[in-house]
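Q: The structure under discussion is supplied below as structure tokens; questions concerning it will follow.
Chains as they are written, first to last, in our numbering: chain X, 1483 to 1961; chain C, 2 to 395.
This is the structure in structure tokens:
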């Protein structure tokens, strides 16, 4: 074989791989675009928050199902008083807050005891999920429904399970301790369950970045973009992820993830599948996939629903170091969840979940970053070895980048035309600017971190609680 | 179910159509413009893609600006128009004839006029509401609301239903009855709520009969509204539902009765406690403490505690405390030490509600029972008493 033949073969192989990647990019972006369009159609049609009259009727209704808010906390002494205080002020007629202190090394428990006047309670667990030993249970002597479970450290999933064991309500909602829920968030969140109580087993809401928004008396009083570009990039990314993907998957009843920061579950269903899994960092996704697996195996009717309106505000990382850790952890979680339930992949027995959602997550969410990175590397190599001209490389690169921008701007537009949470012109301009800029460097950085997470996941690296540097909520100026 | 599936299919079709509308210009540009200038087909396709993408982004930016501008404009108009409309409406209600001015305002600010009328209607009653109803009719607002209630999106439909429900003399009754029968759950609930609000006994019976056949959301939204008619419904509608063979309707009716949490005349209760369906038996048992007229339910409770169904047992345990029949104590003690956590918890709570005899058994369990029973007994003894019971402060 002479040198010329080898060169031809290399060229052919190169173009084959490059064409494959272009096709892959086209398919993934078309699916994203379809899902975004679906979200647009669905939200314009179904975006129907309760009217004031309906809210009043619900608040007075004795038939409203009770909810236990499970709040796992680990080293949250800085923010736990404020966030639990916010959670005790929600508009819902019948709920309790169960904070689980997962063996914090800081003053989390002491802060809770002093702030909410806790006393040692004899409350015994109802559920039988296995967890690390519970040291003490506390209740508040104030007229509030607050239970604090102090247990040995066992990770987030273990803490949530301990909370579920202690919960007595038919519905449990898992909320991160650094989050703020919209005042009427519980009412909106419970709506799918009220519409179909027999089949709805899990409901997910929208999570948004609270950085630099003003918070007063447990509610976000002024919504605005952050001064930090990293936070704004994530704000747009969250819009794209929640509005773009989840509405469409929810319509197909094949939603594979409900955010661990904000999810409502039927307690009985969580107990039936064995609770949250300790041995994974993506316990939120793993639980949902396991629920699909369990119910489809038994051919029991069920629904996992996403609702766009109730919003949970959470502080997103403002430093690249913390963000990198978070994204690697999320990617590892995706790998672990999909690997554990690989039996569902392309298995017609699991319907749309097995034939569409699972392959989609495997191809585009799990391996997507690796393919994207390979595409960049091949283009660079092609340029170096003069296999492709700079013009062609630039054109294809531009198509890929501009498609990303189109998806981001679509999500921002969707937000503006449905919920309009950012009312000022300044914020709109900033969001659109961010939607363009995040595709020019930030997305590629995330891709690189996700590839690292993928490698760690494939190697089987374990992890515990994610570490987040808290800045605290920004207080509204005094009137 | 079928309508939900059809709705979803329509949504997917619309989504695919929009996507096709995006790809069509890509192909057209590729074939008619770029292919003639660029030799390589993939490059021509990429160039047309890029052009359409850039155009779509530009369109989105323009749409966003237009939308925001429209919102600002609308808000500005509302700020100016609403006080004027409310002033004129107030004068009209007070007896002045302001129809001419109001007609002009309605033509100019239709949406704001609707909102102001809705607000005013909800604030006034009697003659004033009658006067506003006549005005709404003359300005053709009623027909507009009826149209909107039928065709608009879910949010507008509910709004129109609330307006129709506020009209005096049941003017919107026909439209409301139609919507209460067949629509989305929230629109049905809104229509039922407005009908129930102005209903006499016969009307309340009709609404009750409608809502027991609807989903849980409708019942949750209507439970409070129907409480006003509870006593009448116990004499009329509830016995009819009790004779029904439809278990779902029957369960829903008993669930609503239980939600009213007031003493009720329930002569059919004994029969319900022997119903073949465990759901109905459980619901009937939960109603027992509310039954007025001193019915002897103890034998039914005893029978229920002996059943296989956990649902029925739990219902029976939850009402035993209110009966305080000493014959139940040994049974409660047995449940309190049983394997089922949920039933044991209920039994302990019932023992605590029994008074000194029950508390004595709980103390015995606390001292001599196994760890699980002792924990439950301690929990029951401490429940509702807080730190005052002698539990050490944290």
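In this text, a Cβ means the ideal position worked out from N, Cα and C, and glycines have one as well. From a predicted model like this one, the values you see are computed outputs, not experimental measurements.
Taking the straight line between their C-alpha atoms, what separation do you get for residue 185 of chain C and residue 1572 of chain X?
A: Indexing the second chain from 1 puts residue 185 of chain C at position 184. Indexing the first chain from 1 puts residue 1572 of chain X at position 90. About 27 Å.
Q: Could you compute how far the alpha carbon of residue 1856 of chain X sits from the alpha carbon of residue 1863 of chain X?
A: Residue 1856 of chain X sits at position 374 when you count from the first residue of the first chain. Residue 1863 of chain X sits at position 381 when you count from the first residue of the first chain. Straight-line Cα distance between these residues: approximately 10 Å.
Q: Assign residue 238 of chain C to one of two classes, buried (16 or more other C-beta atoms within 10 Å of its C-beta) or exposed (fewer than that).
A: Residue mapping note: residue 238 of chain C aligns to position 237 of the second chain, counting from 1. Buried is the call here.
Q: Taking only the alpha-carbon atoms, compute the straight-line gap between residue 1687 of chain X and residue 1658 of chain X and give it to the nearest angstrom.
A: Against the first chain, residue 1687 of chain X aligns to sequence position 205. Against the first chain, residue 1658 of chain X aligns to sequence position 176. Spanning the two alpha carbons is a distance of roughly 13 Å.
Q: Evaluate contact between the region 1813-1820 of chain X and the region 1762-1773 of chain X, counting only Cβ atoms and requiring at least three cross-stretch pairs below 8 Å.
A: Enough Cβ pairs lie closer than 8 Å, so yes.
Q: For the region 214-225 of chain C, which residues have a CB atom closer than 8 Å to at least one CB atom of chain X, in sequence order?
A: Cβ contacts with chain X: 216, 217, 218, 220, 221, 222, 223, 224, 225.
Q: Quick one: does residue 310 of chain C have its CB under 7 Å from some CB of chain X?
A: In the second chain, counting from the first residue as 1, residue 310 of chain C sits at position 309. So, not an interface residue.
Q: Taking just the CA atoms, how far does residue 1585 of chain X sit from residue 1689 of chain X?
A: As a working note, residue 1689 of chain X is residue 207 in the first chain. As a working note, residue 1585 of chain X is residue 103 in the first chain. Looking at the two C-alpha atoms, the distance is approximately 26 Å.
Q: Just to confirm, is the Cβ distance from residue 1796 of chain X to residue 1661 of chain X under 7 Å?
A: Locating residue 1796 of chain X in the first chain gives position 314, counting from the first residue. Locating residue 1661 of chain X in the first chain gives position 179, counting from the first residue. For residue 1796 of chain X and residue 1661 of chain X, yes; Cβs fall inside 7 Å.
Q: Could you pull out every residue in the same chain whose Cβ sits closer than 7 Å to the Cβ of residue 1600 of chain X, ignoring the five residues on either side in sequence?
A: Position 118 of the first chain, counted from the start, is the residue given in the question as residue 1600 of chain X. Excluding residues within five positions, the ones whose Cβ falls inside 7 Å are 1594, 1620, 1621, 1622, 1630.
Q: Counting along the chain, where does the alpha helix (DSSP H) carrying residue 79 of chain C start and finish?
A: The residue you call residue 79 of chain C lines up with position 78 of the second chain. Looking at the DSSP string, the run of the alpha helix (DSSP H) that includes residue 79 of chain C is 42-94.
Q: Pull up the CB-CB distance for residue 347 of chain C and residue 367 of chain C, whole angstroms please, since I reckon it's below 8 Å.
A: For the purposes of this step, residue 347 of chain C is taken as residue 346 along the second chain, with counting starting at 1. For the purposes of this step, residue 367 of chain C is taken as residue 366 along the second chain, with counting starting at 1. At roughly 17 Å, the Cβ-Cβ gap does not stay under 8 Å, so residue 347 of chain C and residue 367 of chain C are not in contact.
Q: Using DSSP's beta-bridge definition, name the partner residues of residue 1583 of chain X.
A: For this step, residue 1583 of chain X is matched to residue 101 along the first chain. X/1555, X/1632.
Q: Just the chain D side, please: which residues come within less than 7 Å of residue 1880 of chain X by C-beta, in chain order?
A: No chain D is part of this structure, whose protein chains are labelled X and C.
Q: Give the straight-line distance between the Cα atoms of residue 103 of chain C and residue 75 of chain C, rounded to the nearest whole angstrom.
A: For this step, residue 103 of chain C is matched to residue 102 along the second chain. For this step, residue 75 of chain C is matched to residue 74 along the second chain. Cα-Cα distance, rounded: 19 Å.
Q: In the DSSP assignment, what are the bridge partners of residue 1748 of chain X?
A: Here the question's residue 1748 of chain X lines up with position 266 in the first chain. Paired residue(s): X/1653.
Q: Listed from N- to C-terminal order along the chain, which residues in the region 1869-1894 of chain X have their beta-carbon within a distance smaller than 9 Å of any beta-carbon of chain C?
A: Hits within the stretch, in order: 1873, 1874, 1877, 1878, 1880, 1881, 1884, 1885, 1887, 1888, 1891, 1892, 1894.
Q: Starting from the N-terminal side, write out each stretch of the beta strand (DSSP E) that is 3 residues or longer and does not extend beyond the region 116-199 of chain C.
A: As far as the region 116-199 of chain C is concerned, it has no whole beta strand (DSSP E) run of at least 3 residues.
Q: Can you find a CB in chain X that lies within less than 7 Å of the CB of residue 377 of chain C?
A: Walking along the second chain from the start, residue 377 of chain C turns up at place 376. Residue 377 of chain C counts as touching chain X.
Q: Report all residues from its chain with a CB closer than 8 Å to the CB of residue 299 of chain C; omit the five preceding and five following residues, and keep chain order.
A: In the second chain, the residue the question calls residue 299 of chain C occupies position 298. Here the set comprises 324, 326, 328, 329.
Q: Who are the Cβ neighbours of residue 1823 of chain X in its own chain at under 6 Å, not counting the five residues just before and after it?
A: Sequence index remark: in the first chain, residue 1823 of chain X carries index 341 (1-based). Taken in chain order, the residues that qualify are 1771, 1775.
Q: Hey, residue 61 of chain C and residue 1884 of chain X: beta-carbon distance below 7 Å or not?
A: Here residue 61 of chain C refers to the residue found at position 60 of the second chain. Here residue 1884 of chain X refers to the residue found at position 402 of the first chain. Not closer than 7 Å, so no.
Q: Show which residues of chain C have a CB atom less than 7 Å away from the CB atom of residue 1677 of chain X.
A: As a working note, residue 1677 of chain X is residue 195 in the first chain. The answer, in chain order, is 186, 216, 218.
Q: Does DSSP put residue 110 of chain C in a helix, a strand or coil?
A: For the purposes of this step, residue 110 of chain C is taken as the residue at position 109 of the second chain. It is coil, neither helix nor strand.
Q: Going by alpha carbons, who is nearest to residue 1846 of chain X out of X/1673, X/1709, X/1932?
A: Counting from one through the first chain, the residue named residue 1846 of chain X turns up at place 364. Nearest C-alpha to residue 1846 of chain X: X/1932.
Q: Are the Cβ atoms of residue 1940 of chain X and residue 224 of chain C separated by less than 7 Å?
A: Position 458 of the first chain, counted from the start, is the residue given in the question as residue 1940 of chain X. Position 223 of the second chain, counted from the start, is the residue given in the question as residue 224 of chain C. No, they are not a contact pair.
Q: Helix, strand or coil for residue 1614 of chain X per DSSP?
A: For this step, residue 1614 of chain X is matched to residue 132 along the first chain. Residue 1614 of chain X: coil per DSSP, three-state reduction.
Q: So the candidates are X/1728, X/1938, X/1650; which of them puts its Cα closest to the Cα of residue 1525 of chain X?
A: Reading the first chain from its first residue, position 43 is the one you call residue 1525 of chain X. Cα-wise, what sits closest to residue 1525 of chain X is X/1728.
Q: Can you find the residues in the same chain that come closer than 7 Å, C-beta to C-beta, to residue 269 of chain C, ignoring five residues on each side of it along the sequence?
A: Against the second chain, residue 269 of chain C aligns to sequence position 268. Taken in chain order, the residues that qualify are 240, 243.
Q: Take the Cβ of residue 394 of chain C as the centre, count every other Cβ of all protein chains shown within 10 Å, and call the residue buried at 16 or more, exposed below.
A: Start at 1 with the first residue of the second chain, and residue 394 of chain C comes out as number 393. Legend: pLDDT at residue 394 of chain C = 40, less than 50; position of this residue unreliable, value from coordinates given subsequently. Result: exposed.
Q: Mind checking whether residue 363 of chain C and residue 351 of chain C have CB atoms under 7 Å apart?
A: Locating residue 363 of chain C in the second chain gives position 362, counting from the first residue. Locating residue 351 of chain C in the second chain gives position 350, counting from the first residue. It is not a contact, given that the beta carbons lie outside the stated cut-off.
Q: Is the shortest distance between the beta-carbon of residue 1500 of chain X and the beta-carbons of chain C less than 7 Å?
A: As a working mapping, residue 1500 of chain X is identified with position 18 in the first chain. Chain C contact via Cβ: absent.
Q: For residue 1768 of chain X, does the count of other Cβ atoms within 10 angstroms reach 16, so buried, or fall short, so exposed?
A: Against the first chain, residue 1768 of chain X aligns to sequence position 286. So residue 1768 of chain X counts as buried.
Q: What are the partner residues of residue 1701 of chain X, as DSSP defines its beta bridges?
A: Working through the first chain from its first residue, we reach residue 1701 of chain X at position 219. Residue 1701 of chain X pairs with X/1698.
Q: Determine whether the Cβ of residue 1898 of chain X lies closer than 7 Å to any Cβ atom of chain C.
A: Working through the first chain from its first residue, we reach residue 1898 of chain X at position 416. At least one chain C Cβ lies under 7 Å of residue 1898 of chain X.
Q: Could you tell me whether any Cβ in chain C is nearer than 7 Å to the Cβ of residue 1519 of chain X?
A: Along the first chain, read from residue 1 onward, the residue named residue 1519 of chain X stands at position 37. Yes - at least one Cβ of chain C is within 7 Å of the one on residue 1519 of chain X.
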